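Chemist: Numbering (our numbering), first residue to last: 13 to 83. All C-beta atoms, glycine included, are put in the ideal place defined by N, C-alpha and C. Since this is a predicted model, take the numbers as computed values, not measurements.
#1: So residue 72 is in the alpha helix (DSSP H); what residue range does that whole segment cover?
#2: Could you tell me if the beta carbon of residue 58 falls within a distance shorter than 7 Å of some heavy atom in the ligand MN?
#3: According to the neighbour-count rule (16 or more other Cβ atoms, all chains shown, within 10 Å of its Cβ), is residue 33 buried or exposed?
#4: Under a three-way DSSP split, which group does residue 55 fall into?
#5: Counting C-beta neighbours from all protein chains within 10 Å, is the total for residue 74 16 or more, i.e. buried, or is it exposed?
#6: Does the distance from the C-beta atom of residue 18 to that of residue 38 stay below 8 Å?
#7: At what residues does the beta strand (DSSP E) containing residue 39 begin and finish?
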């Protein structure tokens, strides 16, 4: 599975509230493919403050979408 592996999540973060867990793999952000952590960092730098984020996540053998709203 290609993407960026989540290695740490703050328990009070929007990601944790959306159900993301350590070990999940981020495959897309706002329909843009993520091949590795470098791609993820580059793409998140382009996001506007308070922009909603749609991520495709690989978790426990399944792929699905998660919507996040920044705090």
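Modeler: So, to answer that:
#1: By one-based count along the chain shown, residue 72 stands at place 60. Careful: residue 72 lies outside any alpha helix (DSSP H) and carries neither H nor E.
#2: The ligand MN is not among the ligands present in this structure, which contains no ligands whatsoever.
#3: Looking up residue 33 in the chain shown gives position 21. Per the 10 Å Cβ criterion, exposed.
#4: Indexing the chain shown from 1 puts residue 55 at position 43. The answer is helix: DSSP assigns residue 55 an H, G or I state.
#5: The count along the chain shown starts at 1 and reaches residue 74 at position 62. That one is exposed.
#6: Here residue 18 corresponds to residue number 6 of the chain shown, with the count starting at 1. Here residue 38 corresponds to residue number 26 of the chain shown, with the count starting at 1. By the CB criterion at 8 Å, residue 18 and residue 38 fall inside the cutoff.
#7: Locating residue 39 in the chain shown gives position 27, counting from the first residue. Segment 37-41, the beta strand (DSSP E) holding residue 39.
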